[in-house]
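Participant: The structure that follows is given in the form of structure tokens.
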Amino acid sequence: MEKEKRPQEEEQTSPPKQTGKTCPLIQKPKLLIGIIVLLLIIILLLLFLIFRDKQTTNDSKIEDKKVSEEEKEVKPTINCPEGYEIEGDVCERKASKPASSKFVCPEGMIEVGPDGPCGLYKQKAEPTQRCPKGTIYQVEIKTLYYCYTQSRPPESCGEDPESSYLADGKCYYARIDSETTYTCPSNMVSYKGDCYAKADKIKKYSCDSGYTLEGTNCVKVERTEQMKDCPTGYELEIDRCVVDK
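Just so we're aligned, residue 1 is where the sequence shown starts under UniProt numbering, counting upward by one.
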């Protein structure tokens with residue numbers, strides 16, 4: 001009897017046999033996790049692309065609006081009248097003509113005589129007396145020079161040298177005044193009792209009022225307002241062009 005029960009007990013304790021097939025994904029959990037992660041990545045990528053397209057559209061709208069606003073206000077075209085050039089915020093042109101010139105003495109010197117050279121004062125001249133041309137006899141009496149132009153026999157000669165003077169057996173008369181001359185060293189020129197060092201005149205250029213001397217030319221800068229032009233459909237407001245309303 002005991003021998004017969006043992007097989008039954010063994011049958012009861014052994015696990016039941018499976019008759020259906022198990023899902024492969026359940027048998028491989030790592031593969032399932034990988035698929036889930038891949039799906040998440042795809043979903044995130046799609047969301048990113050959607051957001052980027054939306055942002056690009058918004059940026060495009062903002063840029064279009066900005067351009068539209070800028071088109072309402074543009075800078076004017078700056079022009080100048082013929083012959084002028086743009087210089088800062090004005091138009092300029094230079095008018096030029098030859099400068100006037102004349103010969104003058106260098107600074108610190110004076111003209112020695114009406115047509116004489118230039119001179120720089122150095123010293124006083126040494127005064128000397130001489131008789132003018134036509135004198136036939138001269139004599140110095142008490143630092144005075146007596147100059148006579150005619151002669152006659154001595155019998156009729158007086159004693160006053162103002163009228164005549166006896167000398168060399170002749171009577172000299174017809175007195176004229178002596179001339180005082182001033183003597184300077186050979187490298188100087190005498191003028192009004194003074195000695196001057198000589199110098200050549202130099203050419204000096206000058207311009208009329210309103211002109212500036214540039215080399216040998218006189219230049220005058222003329223300025224005028226700039227001309228500001230706006231495109232068609234715009235009107236000028238101060239220094240900008242706005243859409244004509």
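Think of the CB as a built atom: it goes at the ideal place given N, C-alpha and C, for glycine as much as any other residue. A quick note: this is a predicted structure, and the numbers were derived from the prediction, not measured.
1) State the DSSP-derived secondary structure class of D115, mapped to helix, strand or coil.
2) Could you tell me the distance, in whole angstroms, from the CA atom of K122 to the CA atom of C195?
3) Grab me the residues of residue 246's own chain with a C-beta within less than 7 Å of its C-beta, minus the 5 sequence neighbours each way, in chain order.
4) In whole angstroms, give me the CA-to-CA distance for D89 and G113.
5) Taking just the CA atoms, how far does T77 sit from C241?
6) Rounded to whole angstroms, what's the CA-CA distance from C157 to Y172? Just pull it up for me.
7) Could you tell me whether the segment 162-177 touches the segment 202-222, where touching means 3 or more Cβ pairs closer than 8 Å?
8) Return the chain-ordered list of same chain residues with a C-beta closer than 6 Å to the C-beta of R52, the five sequence neighbours on each side being excluded.
9) Contact defined as beta carbons within less than 8 Å: I believe S206 pairs with A99. What is the distance between those atoms, to the nearest angstrom?
10) Report the residue from I35, R93, I41 whose alpha carbon sits nearest the alpha carbon of Y211.
11) From E85 to L236, what does the alpha carbon distance come to, in whole angstroms?
12) Alpha carbon to alpha carbon, how far is C184 from Q138?
13) Using the rule of at least 16 other Cβ atoms within 10 Å of the residue's Cβ for burial, across every protein chain shown, is L45 buried or exposed?
14) On the three-state DSSP scale, how would you describe S101?
15) DSSP state of K245, grouped into three classes?
16) Just verifying my parser: in three-state terms, what is the DSSP assignment at I35?
17) Mark V189 as exposed unless 16 or more other C-beta atoms lie within 10 angstroms of its C-beta, in which case mark it buried.
18) With a cut-off of 8 Å on the beta carbons, I'd call Y182 and A95 a contact; round off their distance for me.
Facilitator: Here's the rundown:
1) In this structure, DSSP gives D115 a state outside helix and strand, which the three-state scheme calls coil.
2) The straight-line gap separating the alpha-carbon atoms of K122 and C195 is approximately 6 Å.
3) What the structure shows of the chain is the stretch from 1 to 245, and residue 246 is not part of that stretch, so it cannot be assessed.
4) The straight-line gap from Cα to Cα measures roughly 55 Å.
5) When rounded, the distance between both Cα atoms is 9 Å.
6) Approximately 8 Å, taken between the alpha carbons.
7) Counting C-beta pairs closer than 8 Å gives fewer than three between the segment 162-177 and the segment 202-222, which falls short of the contact rule.
8) Same-chain partners within the cutoff: there are none.
9) Between S206 and A99 the beta-carbon gap is near 6 Å, inside 8 Å, which marks them as a contact.
10) If we check each option's Cα against that of Y211, R93 comes out closest.
11) If you take the alpha carbons of E85 and L236, they lie about 22 Å apart.
12) Going from the Cα of C184 to the Cα of Q138 covers about 24 Å.
13) Around the CB of L45, fewer than 16 other CB atoms lie within 10 Å, so the residue is classed as exposed.
14) Secondary structure of S101 (DSSP, three-state): strand.
15) Here K245 sits in coil by DSSP.
16) Collapsing the DSSP output to three states places I35 in a helix.
17) Under the 10 Å beta carbon count, V189 is surrounded by 16 or more other beta carbons and is classified as buried.
18) Between A95 and Y182 the Cβ distance is about 51 Å, and since that is not below 8 Å, they are no contact.
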